[in-house]
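Comments concern the structure below.
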Amino acid sequence: MATKVKKMLFVLSKATLDSVYAAFIMANGARMEGIEAEIFFTFFGLEAIQKDKLNELKIATVGNPAMHMPTLLGGLPGMEAFASKMMKKEMEKLDMPPVDEFLEILSDSGVSLWACKLAVEMFHLEEKDLIDDLDGILTIGDFYQRADIDGTHLLFI
Amino acid sequence: MEKVIGNKTINVNEEGYLTDFSQWDKEVAAELAKEKNIELTDGHWMVIDYLQEKYKNEEALSIRGIKKSGKFNIKEFYNLFPGGPLKISTLIAGIPKPKSCI
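Top to bottom, those sequences are chains A and B. Sequential numbering of the first sequence, starting at 57, is according to my numbering. Sequential numbering of the second sequence, starting at 2, is according to my numbering.
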């Protein structure tokens, strides 16, 4: 039994903890199965590779029905931080690494990490603002070129 | 099911993992590795020792644990066992396939 998926390309466009972890876990899971994996960080997803922001990511307590929390309550000061802290604690119990350590694991595992050129310019970022493990800054066209083998799939998160 | 490997018979599950660790020895490991096109070196044995130690202590295996092991790093791990390092190394080490998603 061999999977027909040979390469996974992820576009991460959000900076909520749940989205970031979804991308990271799937990318790592791919590598663990012998599948190639790359992540393209665009728009708010760029926060996950900004040195001063990546460990401060939060989950959304407003506009997130799965929080089972009235919108007004979710908007109270400190609510987002509290919910995020709780979630991080649960993840630590499952031995899930924090964002910075996870990025190191991904890079060491051979996952290519790319920043979106347009988004980098839009947010006025420079290379020094981004993690050292970054493989480069690409246009979306460049990223499509990374789909260079049969069995490549692209996923937008 | 039974599987003949080298001059020994071992019991494995449908994915090829040993179901009885007492049947494991270094020759079995070398034969299982050969099937994965891997020639076992000192580096491989270090990983196998680490995995078996963890297994005996009933500690869960994960890629994060490899990073924290202090004995070898993730890059080396992928180089030693290409194409799914934890899956392949545990198979060769004669221990069950890890169930963790990370």
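Beta carbons: idealized from backbone N, C-alpha and C, even for Gly.
Inter-residue Cα distance where the pair is residue i and residue j
| i | j | result |
| --- | --- | --- |
| A/C172 | A/Q201 | 14 Å |
| A/R87 | A/G101 | 21 Å |
| A/E182 | A/D156 | 19 Å |
| B/I11 | B/W46 | 20 Å |
| B/C102 | B/N58 | 20 Å |
| B/Y79 | B/G85 | 8 Å |
| A/K124 | A/A137 | The question names Lys, but residue 124 of chain A in the sequence shown is His. Between A/H124 and A/A137, the C-alpha separation is close to 16 Å. |
| A/V180 | A/T208 | Just to set this straight, residue 180 of chain A is His in the shown sequence, not Val. Cα to Cα, A/H180 sits roughly 32 Å from A/T208. |
| A/K62 | B/F22 | 32 Å |
| A/L186 | A/L68 | 15 Å |
| B/E28 | B/G7 | 8 Å |
| A/V118 | A/K60 | 39 Å |
| B/I96 | A/K144 | 31 Å |
| B/D26 | B/L33 | 11 Å |
| A/D74 | B/K69 | 24 Å |
| A/V76 | A/G134 | 21 Å |
| B/I5 | B/Y51 | Here the sequence assigns Val to residue 5 of chain B, which means Ile is not the residue at that position. About 26 Å. |
| A/L113 | B/I64 | 22 Å |
| B/I39 | B/S90 | 10 Å |
For residue i, the residue or residues it bridges with in DSSP
| i | result |
| --- | --- |
| A/F66 | A/I95, A/L211 |
| B/T10 | B/V5 |
| A/I193 | A/A171 |
| B/L19 | B/V13 |
| B/L52 | Bridge partners of B/L52: none, in fact. |
| A/L186 | A/Q106 |
is_contact[residue i, chain A] using C-beta, thresh 8 Å
| i | result |
| --- | --- |
| B/Y18 | no |
| B/I103 | yes |
C-beta neighbour in chain B for residue i, strict 8 Å
| i | result |
| --- | --- |
| A/I205 | no |
| A/I213 | no |
| A/D164 | yes |
| A/I196 | no |
| A/I161 | yes |
Distance cut-off 7 Å: residue i Cβ against heavy atoms of the ligand COA
| i | result |
| --- | --- |
| B/W46 | This structure does not include the ligand COA; it has no bound ligands of any sort. |
- Interface residues of the region 128–153 of chain A facing chain B [CB-CB below 7 Å]: Against chain B - using a Cβ distance shorter than 7 Å - the residues of the region 128–153 of chain A are D151, M152, P153.
Exercise for the section: Mind checking the region 77–101 of chain A against chain B and listing, in chain order, the residues whose C-beta falls within less than 7 Å of any C-beta there? Expected result: From the region 77–101 of chain A, only I81, N84, G85, M88, E89, G90 have a Cβ closer than 7 Å to chain B.
| request: Assess, as a yes-or-no matter, whether the region 160–178 of chain A is touched by the region 98–112 of chain A under the definition of 3 or more beta carbon pairs within less than 8 Å. | output: At 8 Å Cβ cutoff, the stretches touch.
- Query: Name the residues in the region 60–94 of chain B whose C-beta lies less than 8 Å from a C-beta of chain A; which are they?
  - Reply: Per Cβ criterion, the list reads A61, S63, I64, R65, G66, K68, N74, I75, K76, Y79, P83, G84, G85, P86, L87, K88.
Quiz item: Taking three-plus beta-carbon pairs below 8 Å as touching, is the region 147–165 of chain A in contact with the region 71–80 of chain B?
Solution: The region 147–165 of chain A, when compared against the region 71–80 of chain B, does touch it at the 8 Å Cβ threshold.
Three Cβ pairs or more, each shorter than 8 Å: is that satisfied between the region 192–206 of chain A and the region 102–119 of chain A? Fewer than three Cβ pairs drawn from the region 192–206 of chain A and the region 102–119 of chain A lie within less than 8 Å of each other, which leaves the two stretches out of contact.
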